[in-house]
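Residue numbering for the sequence shown is 457 to 778, as defined by my numbering.
Where a beta carbon is used, it is the ideal one built from N, C-alpha and C, also for glycine.
Written out below as structure tokens is the structure these notes cover.
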Amino acid sequence: MKLSDAKIGDMVLGFYALSQCELIPFTGGVRLQLEFRDASGKVPGVMWNEEAEMAYQQLRTAEVVKIKALLSSYKGTPQLQIEKIRPAKAEEYDLTELLPASESSLEELEQAVSELIELIEDAEIKNLANDVLSDPQVRPRYFEVPAGTRWHHPYLRGLAEHSVSMARVAVKVCEHYAYLDRSLVIAGALLHDLGKIEELTVGSTLEYSSEGRLFGHMVIGYELLRSHAVKLGVANDINVKKLLHLVLSHQGKKEYSAPVEPAFEEAFVLYFIDELDSKLNAISRIRNKPENEGQEFSEWVNLLGTYLYLGKKETADDTSKS
Numbered sequence: 457m458k459l460s461d462a463k464i465g466d467m468v469l470g471f472y473a474l475s476q477c478e479l480i481p482f483t484g485g486v487r488l489q490l491e492f493r494d495a496s497g498k499v500p501g502v503m504w505n506e507e508a509e510m511a512y513q514q515l516r517t518a519e520v521v522k523i524k525a526l527l528s529s530y531k532g533t534p535q536l537q538i539e540k541i542r543p544a545k546a547e548e549y550d551l552t553e554l555l556p557a558s559e560s561s562l563e564e565l566e567q568a569v570s571e572l573i574e575l576i577e578d579a580e581i582k583n584l585a586n587d588v589l590s591d592p593q594v595r596p597r598y599f600e601v602p603a604g605t606r607w608h609h610p611y612l613r614g615l616a617e618h619s620v621s622m623a624r625v626a627v628k629v630c631e632h633y634a635y636l637d638r639s640l641v642i643a644g645a646l647l648h649d650l651g652k653i654e655e656l657t658v659g660s661t662l663e664y665s666s667e668g669r670l671f672g673h674m675v676i677g678y679e680l681l682r683s684h685a686v687k688l689g690v691a692n693d694i695n696v697k698k699l700l701h702l703v704l705s706h707q708g709k710k711e712y713s714a715p716v717e718p719a720f721e722e723a724f725v726l727y728f729i730d731e732l733d734s735k736l737n738a739i740s741r742i743r744n745k746p747e748n749e750g751q752e753f754s755e756w757v758n759l760l761g762t763y764l765y766l767g768k769k770e771t772a773d774d775t776s777k778s
């Protein structure tokens, strides 16, 4: 059963990612505070006293569990009252059912990337993009990992979806500003977040790797892309150097963790497109949260520094229902 399909009073039986497992003392004993996730959402759960302590010893290192639980309500919020729980074996579950994923299929994204690479006219840049994205150590991860863990595109295939979306916007921008180097901007869009294949990990949850926290995706992506450029003998090509600059500068400002800031037109364009695509994706997900349905404003959004206005113009269909 998908967590989003469960109703109060339902018995929930299945495999779910365990994203929280914390033993908390209180006056009458201890409770085990749990949180379960699947591709459809998350629900908190709870166990009490001796059963909680016994379960905690089994679960504290578990990533995926099998549960039997009653979905109840606590202070107006759904909560699973756990009857049975155990760690799951790897062969018992499909990880793709436990994590949210892009609405675009793998095949659709692979086709889109191939078509966008064909639009790159600069021979060195095109060969470099093809070489990197056909590397068996790169390609599967590029089409699997998210673009983030919480803010934008935080789901399977999110990196590829974000990169394709940016590259398509880049094509439109270059049509308007015809003096821009289209090859650079398209390649920059497709490869700017390349380092996220090592920065982010895909397990029962989406998290940062040790390398990601130590070095960040811009440095990782730069090193990876440059190693392919050296292999192809094009590392000293001026446009390859400019592409490497796009990877390092695409977050725009040093206070945003960019090692360097944009130094020419295409670098600024990539930064602005990245800001546009990431923010619109995040705003769309906030707008579509179930708890925001019918609300005029969202809760305070720290990364935007504002409350989002969620109101919309009524259509003829809306007014006919009232």
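Reduced DSSP secondary structure (H/G/I, E/B, other) of residue i
{"i": "Glu755", "result": "strand"}
{"i": "Tyr472", "result": "strand"}
{"i": "Met674", "result": "helix"}
{"i": "Glu478", "result": "strand"}
{"i": "Met467", "result": "strand"}
{"i": "Leu554", "result": "coil"}
{"i": "Leu656", "result": "strand"}
{"i": "Asp591", "result": "coil"}
{"i": "Gly644", "result": "helix"}
{"i": "Met457", "result": "coil"}
{"i": "Arg516", "result": "coil"}
{"i": "Ala585", "result": "helix"}
{"i": "Glu577", "result": "coil"}
{"i": "Glu559", "result": "coil"}
Residue i: first and last residue of the uninterrupted beta strand (DSSP E) it sits in
{"i": "Arg493", "result": "Gly485 to Asp494"}
{"i": "Ala525", "result": "Val520 to Tyr530"}
{"i": "Gly501", "result": "Gly497 to Trp504"}
{"i": "Ile541", "result": "Thr533 to Pro543"}
{"i": "Leu662", "result": "Leu662 to Tyr664"}
Neighbourhood of residue i by C-beta, 7 Å cutoff - its chain only, sequence neighbours within 5 removed
{"i": "Gln537", "result": "Val502, Ala525, Leu526 and Ser528"}
{"i": "Asn583", "result": "Leu688"}
{"i": "Gln476", "result": "Gln489, Leu490 and Glu491"}
{"i": "Ala685", "result": "Leu584, Ala691 and Val696"}
{"i": "Ser460", "result": "Ser496 and Gly497"}
Span separating the alpha-carbon of residue i from that of residue j
{"i": "Asn505", "j": "Gly761", "result": "42 Å"}
{"i": "Arg516", "j": "Glu491", "result": "12 Å"}
{"i": "Asp637", "j": "Met674", "result": "22 Å"}
{"i": "Leu726", "j": "Arg542", "result": "47 Å"}
{"i": "Ser621", "j": "Gly767", "result": "26 Å"}
{"i": "Arg595", "j": "Asp733", "result": "22 Å"}
{"i": "Glu667", "j": "Val601", "result": "15 Å"}
{"i": "Val696", "j": "Glu717", "result": "17 Å"}
{"i": "Glu631", "j": "Trp607", "result": "30 Å"}
{"i": "Ala603", "j": "Leu615", "result": "4 Å"}
{"i": "Ser570", "j": "Phe599", "result": "13 Å"}
{"i": "Ser561", "j": "Glu617", "result": "9 Å"}
{"i": "His648", "j": "His701", "result": "10 Å"}
{"i": "Phe728", "j": "Leu680", "result": "24 Å"}
{"i": "Met809", "j": "Ala645", "result": "Residue 809 lies beyond the stretch modelled for the chain, which goes from 457 to 778, so this question has no answer here."}
{"i": "Arg624", "j": "Ser590", "result": "20 Å"}
{"i": "Tyr472", "j": "Ser496", "result": "11 Å"}
{"i": "Val641", "j": "Glu721", "result": "10 Å"}
{"i": "Tyr549", "j": "Pro500", "result": "20 Å"}
{"i": "Lys531", "j": "Lys698", "result": "55 Å"}
Segment limits, alpha helix (DSSP H) that includes residue i
{"i": "Tyr598", "result": "Arg595 to Tyr598"}
{"i": "Leu764", "result": "Here Leu764 belongs to no alpha helix (DSSP H); instead the beta strand (DSSP E) covers Thr762 to Tyr765."}
{"i": "Leu726", "result": "Glu721 to Arg743"}
{"i": "Gly614", "result": "Gly614 to His632"}
{"i": "Arg606", "result": "It is not in any alpha helix (DSSP H) - Arg606 carries neither H nor E in the DSSP assignment."}
{"i": "Glu571", "result": "Leu562 to Glu574"}
{"i": "Val716", "result": "No alpha helix (DSSP H) holds Val716; DSSP gives it neither H nor E."}
{"i": "Leu704", "result": "Ile694 to Ser705"}
Buried versus exposed, by CB contacts within 10 Å (16 or more), residue i
{"i": "Ser639", "result": "buried"}
{"i": "Gln567", "result": "exposed"}
{"i": "Arg493", "result": "buried"}
{"i": "Lys652", "result": "buried"}
{"i": "Asp736", "result": "With the sequence shown as reference, residue 736 is identified as Leu, and Asp is not the correct amino acid for it. So Leu736 counts as exposed."}
{"i": "Ala634", "result": "exposed"}
{"i": "Gln707", "result": "buried"}
Close beta carbons around residue i, own chain, < 8 Å, minus the five adjacent residues each side
{"i": "Lys463", "result": "Leu527"}
{"i": "Leu764", "result": "Ile739, Ile742, Arg743, Phe753, Ser754 and Val757"}
{"i": "Ala511", "result": "Leu488, Met503, Ile538 and Ile541"}
{"i": "Tyr611", "result": "Leu555, Pro556, Ala557, Ser558, Pro602 and Leu662"}
{"i": "Asp587", "result": "His684, Lys687 and Leu688"}
{"i": "Val658", "result": "Leu551, Leu555, Glu600, Val601, Pro602 and Leu612"}
{"i": "His609", "result": "Ser558, Pro602, Ala603, Leu615, Glu617, His618, Ser734 and Asn737"}
Spatial neighbours of residue i in its chain, beta-carbon cut-off 6 Å, leaving aside the 5 residues before and after
{"i": "Leu469", "result": "Lys524"}
{"i": "Asp466", "result": "Leu527"}
{"i": "Gly485", "result": "Asn505"}
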